[in-house]
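*Asks:* Got a structure for you, questions after.
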Amino acid sequence: MLQINPEGYDFTATPILDDLVKRLNESSLELDGAQLFVDFPLYKGSEDNLIISQLILVSSKYGIWSLHTTDANSYSKGKLTHADDELLEVANNVFARLIRNKRLSSGFNQLKVPFSTLLYAPHFEEEELAAIELKNVHALNFHDVEQMISESEVAIDDNVFLESISTIQGAKGLWKPEDRNLTGFDENSKVAKISQIESQILLFDKDQQEGYIPALSGPQRIRGLAGSGKTVVLAMKAAITLIRAESEQSKILYTFSTKSLYQHVQRLIQRFYREFDDDLSNLDRVAIKHSWGGRTNDGVYWEACNAFNHRFLTYPEAMKYKPHDMDPFEFACKDLLDNVEISPIYDYVFVDEAQDYNKYFLRLCTKLAKNKQATFGADVFQNIFQSQVPTAAQIYDDGTQFIKEKYLNVCYRTPLATLVCAHSVGLGVYGKQVQKIETVEHWKSLGYQVIGKDEGAFQEKEDVHVLRDESHSPTLADQEARNLILMHKAANMDAEVNEVARRIINDVRSEGLSPEDILVMCADDYRCKRYFNRLTDILSEHEIYTNNIHAEKYSISDFRVKGRVTLSTIHKAKGNEAYSVYLMGTDFLSYNLNVRNRNLIFTALTRTKGWICITGVGEIVDGLFGEIETAIGNLPSIKFKYPSALEGQDIEHDLQMAESVSQKDIDSIKQLAAKFGSFEKMQEYLAESEGRKGKK
1 MLQINPEGYD
11 FTATPILDDL
21 VKRLNESSLE
31 LDGAQLFVDF
41 PLYKGSEDNL
51 IISQLILVSS
61 KYGIWSLHTT
71 DANSYSKGKL
81 THADDELLEV
91 ANNVFARLIR
101 NKRLSSGFNQ
111 LKVPFSTLLY
121 APHFEEEELA
131 AIELKNVHAL
141 NFHDVEQMIS
151 ESEVAIDDNV
161 FLESISTIQG
171 AKGLWKPEDR
181 NLTGFDENSK
191 VAKISQIESQ
201 ILLFDKDQQE
211 GYIPALSGPQ
221 RIRGLAGSGK
231 TVVLAMKAAI
241 TLIRAESEQS
251 KILYTFSTKS
261 LYQHVQRLIQ
271 RFYREFDDDL
281 SNLDRVAIKH
291 SWGGRTNDGV
301 YWEACNAFNH
311 RFLTYPEAMK
321 YKPHDMDPFE
331 FACKDLLDNV
341 EISPIYDYVF
351 VDEAQDYNKY
361 FLRLCTKLAK
371 NKQATFGADV
381 FQNIFQSQVP
391 TAAQIYDDGT
401 QFIKEKYLNV
411 CYRTPLATLV
421 CAHSVGLGVY
431 GKQVQKIETV
441 EHWKSLGYQV
451 IGKDEGAFQE
461 KEDVHVLRDE
471 SHSPTLADQE
481 ARNLILMHKA
491 ANMDAEVNEV
501 ARRIINDVRS
511 EGLSPEDILV
521 MCADDYRCKR
531 YFNRLTDILS
541 EHEIYTNNIH
551 AEKYSISDFR
561 VKGRVTLSTI
571 HKAKGNEAYS
581 VYLMGTDFLS
591 YNLNVRNRNL
601 IFTALTRTKG
611 WICITGVGEI
621 VDGLFGEIET
631 AIGNLPSIKF
641 KYPSALEGQD
651 IEHDLQMAES
661 VSQKDIDSIK
671 QLAAKFGSFE
681 KMQEYLAESE
691 GRKGKK
């Protein structure tokens, strides 16, 4: 079957195009595995005009065909020549992009893959065209179309075929790392495995293409698992939208929660834009901003307050005035919305990490966009840890619904074994369950098969068996889980740091990793500085240096710095990734494996593109490590009993408690810690009083 990109394209307004695509699918042509791009790609022409390809067929048997249909007839011959000119301009631009790819060029103006054009004009007779000079080959009926394509059959190398698709998609804008030095490392080393991953041709899948190709004409939401490419798709959609709206000089806002995403998003948009337009001067109409902002770093809320002459609330001020059960940033946004009539500042708004916000910031973003032209990118799994994900109606407060909602359920970042373990721990299915996925459909949206049940909600105490296959998590799918997921229980903090340092040194010296391939996260917020200072000292003795994101309080710096191991909290690592990940201090979270702490563990586990080592101090980590061991034993499945009504009530109560814990509560804990002399002493006292072993 021919794959149509974007999937679900509405052909109702173009009956001739619809008829041609249907006939191609029903024809005798061997088009299995071929891809057909509709209304894509698009380019800026030499006269600053927008050039949109109507149809491009890419086949491993017939090469590349740039197709164009027209409903012109003998009474509208000018329409025919115009379509002919349009096709030629499209073909010239597509060819120019293909020939730039060294893997597709076979010489001066020569491609390794056949490239042809075809104008389809079914309302003309051949004799009527005698006096019309056309620049492209034409066909007046589908039989001729089929014959011309079939006669172009040629053997095309698989890599050439995939490179052609990647170039047309714009996927060549994805960051391609330099070739790695494999000298002295065997085929089972980490660097050899990474080299295999990085040598693969970068492609967008059909769901991702459906996310970024269609024009933005109203509210949309793109949801997916961590590592499914939401940020990449959102950045591509922003770049494509800028090209589409270039003649109107449209302004675009791209915002997010994690400050360390700034440079990553900026580079992605620049690189994707360059795939379709060489003039980068228009990129100054894309504003990339953090959600809150302030005097030192610009942000959406900061800009809106200035634009509408409203008092900007700092974090301490928002904490002071907000209700007890309300997030300070949401209070600040609500305060602005309640007191000011917000009008559009931008033509289009893109909100990444939308799962991190409640309705008021999202509503602010929609009001800053003209005609509700906002797209939200959200993590579909992390949403289940919120008591209520804002609906379109809540965001828009006038009954507006999303005109399009797309799910991305293939995870390209985290290996299958680690992702399934992360979901198991996140839900608590092998410990105390803290959340429930209520329907078969929800599991399917996460990329799982539900064994023995086709649809509907689960019942109390029902046996649930879900399974994830390699097609939904292809990265390192052939590797043993116990080679990818490691755990280490230490006697004390120094021993823990020493073990992590030893493993990092081994990663660099024996496994061939570059320091920037490595991410170390600390789960213990109270001891992060001590952990990282000690680790930095040990690594520097071995001439391995670090990039401490945790130490950057105000500036927006690169998360990944060449030649340096990244050190970060879990919060600041959101949206980022690394091949080799270390999670230290998990004993801090293990004392209370509630919704919030399990969510942090889930986030940390899903930062890895390869290997993860989880460490902690004392017997308190046995529970967490035991859950992970059980999850590994059940791979690639998750098996558990659906909660009873009473257990469900406990889950809901825990969720409400997690939502209601405020900064004031945390400040109170800090005051208690000061009373006891330190948090460590308070923790030891509590551990002793409950018969638990505390950290030494």
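All residue numbers for the sequence shown refer to full-length UniProt numbering, where the first residue is 1 and numbers rise by one.
Each residue gets a CB set at the ideal place from its N, CA and C atoms; glycine is no exception.
Since the structure is predicted, the reported quantities are computational estimates derived from the model, not experimental observations.
Is it true that the stretch 121–128 meets the stretch 22–36, where meeting means three or more beta-carbon pairs spaced less than 8 Å apart?
*Replies:* At 8 Å Cβ cutoff, the stretches do not touch.
*Asks:* If you draw a straight line from the alpha carbon of Tyr321 to that of Tyr315, how long is it in whole angstroms?
*Replies:* For this step, residue 321 is matched to residue 321 along the sequence shown. For this step, residue 315 is matched to residue 315 along the sequence shown. One C-alpha to the other measures close to 10 Å.
*Asks:* Under a Cβ-count criterion, where at least 16 other Cβ atoms within 10 Å of its own Cβ denotes burial, should Phe312 be classed as buried or exposed?
*Replies:* In the sequence shown, the residue the question calls residue 312 occupies position 312. Looking at its Cβ environment, which holds 16 or more other Cβ atoms inside 10 Å, Phe312 is buried.
*Asks:* Output the distance between the C-alpha atoms of Gly633 and Lys639, rounded to the nearest integer angstrom.
*Replies:* Along the sequence shown, one-based indexing puts residue 633 at 633. Along the sequence shown, one-based indexing puts residue 639 at 639. Using only the alpha carbons, I get a separation of about 11 Å.
*Asks:* In the DSSP output, which residue or residues are listed as bridge partners for residue 697?
*Replies:* The first residue shown for the chain is 1 and the last is 696, placing residue 697 beyond what the model contains.
*Asks:* Are three or more beta carbon pairs between the stretch 502–519 and the stretch 582–597 nearer than 8 Å?
*Replies:* Taking 8 Å as the limit for Cβ pairs, the verdict is that the stretch 582–597 does touch the stretch 502–519.
*Asks:* Straight-line CA distance for Asp524 to Thr586?
*Replies:* Reading the sequence shown from its first residue, position 524 is the one you call residue 524. Reading the sequence shown from its first residue, position 586 is the one you call residue 586. So the two alpha carbons sit approximately 7 Å from each other.
*Asks:* Given a cut-off of 8 Å, decide if Arg274 and Leu280 are closer than it, judged by their beta-carbon atoms.
*Replies:* Taking the sequence shown and counting its residues from 1, one reaches residue 280 at position 280. Taking the sequence shown and counting its residues from 1, one reaches residue 274 at position 274. Contact: yes.
*Asks:* Using three-state DSSP, classify Gln263 as helix, strand or coil.
*Replies:* As a working mapping, residue 263 is identified with position 263 in the sequence shown. Of the three classes helix, strand and coil, the one that applies to Gln263 here is helix, per DSSP.
*Asks:* Looking at the secondary structure, which residues open and close the beta strand (DSSP E) in which Ala369 lies?
*Replies:* One-based indexing of the sequence shown puts residue 369 at position 369. Unbroken run through Ala369: none, as it is neither H nor E.
*Asks:* Could you tell me which uninterrupted beta strand (DSSP E) segments, each at least 3 residues in length, are contained entirely in the stretch 409–460, listed from first to last along the chain?
*Replies:* Complete beta strand (DSSP E) runs here, min 3: none at all.
*Asks:* Tell me the DSSP secondary structure of Tyr407 in three-state form.
*Replies:* As a first step, residue 407 is located in the sequence shown; it is residue number 407 there, counting from the start. It is a strand residue.
*Asks:* Using a Cβ distance threshold of 8 Å, determine whether the stretch 89–96 contacts the stretch 38–46, with at least three qualifying pairs required.
*Replies:* The stretch 89–96 vs the stretch 38–46: in contact.
*Asks:* Excluding five sequence neighbours on each side, which residues of the same chain lie with their C-beta closer than 7 Å to the C-beta of Gln394?
*Replies:* Walking along the sequence shown from the start, residue 394 turns up at place 394. Cβ within range, chain order: Lys359.
*Asks:* Who are the near neighbours of Gly447 in its chain, counting only those whose CB is closer than 8 Å to its CB and skipping five residues on each side?
*Replies:* Counted from its first residue, the sequence shown places residue 447 at position 447. The answer, listed in chain order, is Leu225, Asn409, Val410, Cys411, Arg468, His472 and Ser473.
*Asks:* Ignore the nearest five residues each way along the sequence and tell me which others in Thr117's own chain have a CB closer than 6 Å to its CB.
*Replies:* Counted from its first residue, the sequence shown places residue 117 at position 117. These residues qualify, in order along the chain: Ser66, Leu87, Ala91 and Asn136.
*Asks:* Bridge partners for Met487 per DSSP, in chain order?
*Replies:* Counting from 1 along the sequence shown, the entry for residue 487 is found at position 487. Note: Met487 sits in a beta bridge opposite Ile614.
*Asks:* In whole angstroms, what is the alpha-carbon distance linking Ala573 and Phe204?
*Replies:* The residue given as residue 573 occupies position 573 in the sequence shown. The residue given as residue 204 occupies position 204 in the sequence shown. Distance between the alpha carbons of Ala573 and Phe204 is about 24 Å.
*Asks:* Can you list, in chain order, the stretches of the alpha helix (DSSP H) that have 4 or more residues and sit fully within the stretch 79–157?
*Replies:* For the stretch 79–157, whole alpha helix (DSSP H) runs of length 4 or above, ordered along the chain, are 142–150.
*Asks:* Do you know offhand how far Asp537's Cα is from Asn5's?
*Replies:* Mapped onto the sequence shown, residue 537 falls at position 537. Mapped onto the sequence shown, residue 5 falls at position 5. If I take the Cα positions, the gap works out to 52 Å.
*Asks:* Count the other C-beta atoms from every protein chain shown that fall within 10 angstroms of the C-beta of Arg100, then say buried if there are 16 or more, exposed otherwise.
*Replies:* Mapped onto the sequence shown, residue 100 falls at position 100. Label assigned to Arg100: exposed.
*Asks:* Is it true that the stretch 251–266 meets the stretch 338–346, where meeting means three or more beta-carbon pairs spaced less than 8 Å apart?
*Replies:* Segments in contact, yes.
*Asks:* Going by DSSP in three states, Asn597 sits in which element: helix, strand or coil?
*Replies:* Against the sequence shown, residue 597 aligns to sequence position 597. It is helical.
*Asks:* Could you have a look at Leu635 and say whether DSSP puts it in helix, strand or coil?
*Replies:* Residue numbering aside, residue 635 sits at position 635 when the sequence shown is read from its first letter. Three-state DSSP puts Leu635 in coil, outside helix and strand.
*Asks:* Spell out the partners DSSP gives Leu253 in its beta bridges.
*Replies:* Here residue 253 corresponds to residue number 253 of the sequence shown, with the count starting at 1. DSSP, once it has assigned bridges, lists Ala287 and Val349 as partnering Leu253.
*Asks:* Can you tell which of Arg244, Ala369 and Ala578 has its C-alpha closest to the C-alpha of Pro515?
*Replies:* Taking the first residue of the sequence shown as position 1, residue 515 is located at position 515. Checked all of Arg244, Ala369 and Ala578; the closest Cα to Pro515 is Ala578.
*Asks:* Closest to Asp278 by CA distance: which of Asp398, Gly173, Gly184 and Tyr9 is it?
*Replies:* In the sequence shown, residue 278 corresponds to position 278, counting from 1. It is Gly173 whose Cα lies nearest to the Cα of Asp278.
*Asks:* Here's a check: name, in chain order, each residue in its chain whose Cβ is nearer than 6 Å to the Cβ of Tyr554, leaving out the five neighbours to either side.
*Replies:* Taking the sequence shown and counting its residues from 1, the one referred to as residue 554 is at position 554. Any reading at Tyr554 must be qualified, since the residue scores a pLDDT of 48, below 50, and its modelled position is unreliable; no value is offered.
*Asks:* If I follow the unbroken beta strand (DSSP E) through Thr69, where does it start and stop?
*Replies:* The sequence position of residue 69 within the sequence shown is 69, counting from 1. Here the beta strand (DSSP E) through Thr69 covers Gly63 to Thr69.
*Asks:* Does the beta-carbon distance from Glu227 to Thr414 come in below 8 Å?
*Replies:* Within the sequence shown, numbered from 1, the residue matching residue 227 stands at position 227. Within the sequence shown, numbered from 1, the residue matching residue 414 stands at position 414. Rather than Glu, the amino acid found at residue 227 in this sequence is Gly. Yes, these two residues count as a Cβ contact at 8 Å.
*Asks:* Would you be able to state if there are at least three C-beta pairs under 8 Å between the stretch 473–483 and the stretch 517–534?
*Replies:* Flag = no, the stretch 517–534 and the stretch 473–483 do not touch.
*Asks:* Is there contact here, the stretch 211–223 with the stretch 400–407, by at least three beta-carbon pairs under 8 Å?
*Replies:* Yes, since at least three Cβ pairs between the stretch 211–223 and the stretch 400–407 fall closer than 8 Å, the two stretches touch.
*Asks:* Between which two residues does the beta strand (DSSP E) harbouring Arg223 extend?
*Replies:* In the sequence shown, the residue the question calls residue 223 occupies position 223. Gln220 to Gly224 is the extent of the beta strand (DSSP E) around Arg223.
*Asks:* Quick one: residues in its chain with C-beta nearer than 8 Å to the C-beta of Ala392, no 5 flanking neighbours on either side, listed in chain order?
*Replies:* Taking the sequence shown and counting its residues from 1, one reaches residue 392 at position 392. Contacts found: Pro219, Arg221, Thr400, Gln401 and Phe402.
*Asks:* Answer yes or no: do Leu362 and Val351 have a C-beta to C-beta separation smaller than 8 Å?
*Replies:* What you label residue 362 is simply residue 362 of the sequence shown in a count that begins at 1. What you label residue 351 is simply residue 351 of the sequence shown in a count that begins at 1. In contact: Leu362 and Val351 (Cβ atoms closer than 8 Å).
*Asks:* With Leu31 and Leu2 assumed to form a contact (beta carbons below 8 Å), what rounded beta-carbon distance in angstroms separates them?
*Replies:* Sequence index remark: in the sequence shown, residue 31 carries index 31 (1-based). Sequence index remark: in the sequence shown, residue 2 carries index 2 (1-based). With a Cβ gap of about 5 Å, Leu31 and Leu2 count as contacting.
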